[in-house]
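For the record, the sequence lines run as chains A and B.
In this text, residue positions in the first sequence follow this note's numbering: the first is 9, and each later residue adds one.
In this text, residue positions in the second sequence follow this note's numbering: the first is 52, and each later residue adds one.
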Amino acid sequence: KQEVTQIPAALSVPEGENLVLNCSFTDSAIYNLQWFRQDPGKGLTSLLLIQSSQREQTSGRLNASLDKSSGRSTLYIAASQPGDSATYLCSATGNQFYFGTGTSLTVIP
Amino acid sequence: GAGVSQSPRYKVAKRGQDVALRCDPISGHVSLFWYQQALGQGPEFLTYFQNEAQLDKSGLPSDRFFAERPEGSVSTLKIQRTQQEDSAVYLCASSSRLAGGRGETQYFGPGTRLLVL
């Protein structure tokens, strides 16, 4: 069974700092790796999807990379803002759909 | 509609009661997914539909859980004889008509928060 791990579980940074969230997965036979954002009491919002044949995707201040061979993905957030505060989840999609437990990010003004 | 909607948003049930949770996916979306998210955890896959066909139900935790999507649009997740361990947020997601399934972004609803007393 695929296991998805996210480190750190929680992170608190001052506004303006660049940061990296990590996601690792045990089975490299995936179709894609997706990063989501979840605000309290809300559903998940897709941030970036990296197909298995791709190495990275970028959207605004966000950049996600994928290294299938090592079973790792990172989400880089540049110039963090208080509005970035949320829980960030990664999902590895293979024959089934697996999520990590998330990283809770707090950006302090 | 503009996005995936779910109802009710909150449900309190007494242990042993049956509940039904509804999901309205984005219009035209072929694929529909149900997940269970316990407090402080990531979503756990329950089941997946492509149109009206339930292609994967391996994540359903017991035979008390049943999902259907009879006309390939709205889906209902039913939990019979609810137990306290069923308390969680139940999330529904859909993905696009063109590719469906595993290669496309999933769009999530706000979830139904179920509390079993």
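Where a beta carbon is used, it is the ideal one built from N, C-alpha and C, also for glycine.
A quick note: this is a predicted structure, and the numbers were derived from the prediction, not measured.
- prompt: Within 10 angstroms of its Cβ, does Gly24 of chain A collect 16 or more other Cβ (buried), or is it exposed?
  reply: One-based indexing of the first sequence puts residue 24 of chain A at position 16. Gly24 of chain A comes out exposed.
- prompt: Taking 8 Å as the CB-CB limit, is Leu72 of chain B close to chain A?
  reply: Looking up residue 72 of chain B in the second sequence gives position 21. With 8 Å as the cut-off, Leu72 of chain B does not count as an interface residue toward chain A.
query: Can you give the Cα-Cα distance for Ser58 of chain B and Leu142 of chain B, rounded to whole angstroms?
result: As a working note, residue 58 of chain B is residue 7 in the second sequence. As a working note, residue 142 of chain B is residue 91 in the second sequence. Distance between the alpha carbons of Ser58 of chain B and Leu142 of chain B: 11 Å.
query: How about Phe159 of chain B: is its C-beta nearer than 8 Å to some C-beta of chain A?
result: One-based indexing of the second sequence puts residue 159 of chain B at position 108. So yes, Phe159 of chain B belongs to the interface.
Proximal residues to Ala118 of chain B (C-beta, below 8 Å), its chain only, five neighbours per side dropped: By one-based count along the second sequence, residue 118 of chain B stands at place 67. Counting only Cβ-Cβ distances below 8 Å, and skipping sequence neighbours, we find Trp85, Leu97, Thr98, Phe100, Gln105, Lys108, Leu111, Ser126, Thr127, Leu128, Lys129.
field: Of the listed residues A:Leu41, A:Ala87, A:Tyr39, nearest to Ile116 of chain A (C-alpha basis)
entry: Along the first sequence, read from residue 1 onward, the residue named residue 116 of chain A stands at position 108. If we check each option's Cα against that of Ile116 of chain A, A:Ala87 comes out closest.
Range covered by the beta strand (DSSP E) that runs through Glu64 of chain A: Mapped onto the first sequence, residue 64 of chain A falls at position 56. Counting along the chain, the beta strand (DSSP E) containing Glu64 of chain A begins and ends at 64-67.
task: Note down the Cα distance separating Ala89 of chain B from Ser124 of chain B, rounded to an integer number of angstroms.
output: Along the second sequence, read from residue 1 onward, the residue named residue 89 of chain B stands at position 38. Along the second sequence, read from residue 1 onward, the residue named residue 124 of chain B stands at position 73. Their Cα atoms are separated by approximately 26 Å.
message: Using the Cβ count rule (16 or more neighbours within 10 Å means buried), how would you classify Glu122 of chain B?
response: For this step, residue 122 of chain B is matched to residue 71 along the second sequence. Label assigned to Glu122 of chain B: exposed.
task: Measure the Cβ-Cβ separation of Ser99 of chain A and Phe105 of chain A and say whether it is below 8 Å.
output: Taking the first residue of the first sequence as 1, we reach residue 99 of chain A at position 91. Taking the first residue of the first sequence as 1, we reach residue 105 of chain A at position 97. Contact: yes.
- prompt: Using DSSP with H/G/I as helix, E/B as strand and the rest coil, what is Pro90 of chain A?
  reply: Taking the first sequence and counting its residues from 1, one reaches residue 90 of chain A at position 82. Pro90 of chain A falls in the helix class under three-state DSSP.
query: Just checking, does the segment 74-88 of chain A make contact with the segment 35-42 of chain A on the three C-beta pairs under 8 Å criterion?
result: yes
message: So Ser81 of chain A contacts chain E; which residues on that side make the cut at Cβ distance below 7 Å?
response: Considering every chain present, this structure includes no chain E. Its protein chains are A and B.
query: Based on the DSSP secondary-structure assignment, which residues constitute the bridge partners of Asn30 of chain A?
result: Here the question's residue 30 of chain A lines up with position 22 in the first sequence. Answer is A:Ile15, A:Thr82, bridged to Asn30 of chain A.
- prompt: Expressed to the nearest angstrom, what Euclidean distance is found between the alpha-carbon atoms of Ala53 of chain B and Gly160 of chain B?
  reply: For the purposes of this step, residue 53 of chain B is taken as the residue at position 2 of the second sequence. For the purposes of this step, residue 160 of chain B is taken as the residue at position 109 of the second sequence. Near 11 Å, if we compare the C-alpha coordinates of Gly160 of chain B and Ala53 of chain B.
message: Closest to Lys50 of chain A by C-alpha separation, out of B:Ala144, B:Arg66, B:Gln134, B:Lys65, would be which residue?
response: Here residue 50 of chain A is taken as the residue at index 42 of the first sequence, counted from 1. The shortest Cα separation from Lys50 of chain A among B:Ala144, B:Arg66, B:Gln134, B:Lys65 belongs to B:Ala144.
task: State buried or exposed for Leu168 of chain B, treating a residue as buried only when at least 16 other CB atoms are found within 10 Å of its CB.
output: Along the second sequence, one-based indexing puts residue 168 of chain B at 117. Looking at its Cβ environment, which holds fewer than 16 other Cβ atoms inside 10 Å, Leu168 of chain B is exposed.
field: Beta-carbon contacts of Ile15 of chain A that lie in its chain and below 7 Å, excluding the five residues immediately before and after
entry: One-based indexing of the first sequence puts residue 15 of chain A at position 7. Within the same chain, Ile15 of chain A has close Cβ partners Asn30.
From A:Gln59, A:Glu64, A:Thr95, A:Gln62, residue whose alpha carbon lies closest to that of Ser20 of chain A: Here residue 20 of chain A corresponds to residue number 12 of the first sequence, with the count starting at 1. The shortest Cα separation from Ser20 of chain A among A:Gln59, A:Glu64, A:Thr95, A:Gln62 belongs to A:Thr95.
- request: Please compile the residues from chain B whose C-beta is within a distance smaller than 7 Å of the C-beta of Lys76 of chain A.
  value: For the purposes of this step, residue 76 of chain A is taken as the residue at position 68 of the first sequence. None at all; the shortest Cβ gap to chain B is about 15 Å.
query: Hey, how far is the Cα of Arg69 of chain A from the Cα of Val55 of chain B?
result: Translated into positions along the first sequence, residue 69 of chain A becomes position 61. Translated into positions along the second sequence, residue 55 of chain B becomes position 4. When rounded, the distance between both Cα atoms is 26 Å.
field: Tyr61 of chain B versus Val140 of chain B - alpha carbon distance
entry: Within the second sequence, numbered from 1, the residue matching residue 61 of chain B stands at position 10. Within the second sequence, numbered from 1, the residue matching residue 140 of chain B stands at position 89. If I take the Cα positions, the gap works out to 9 Å.
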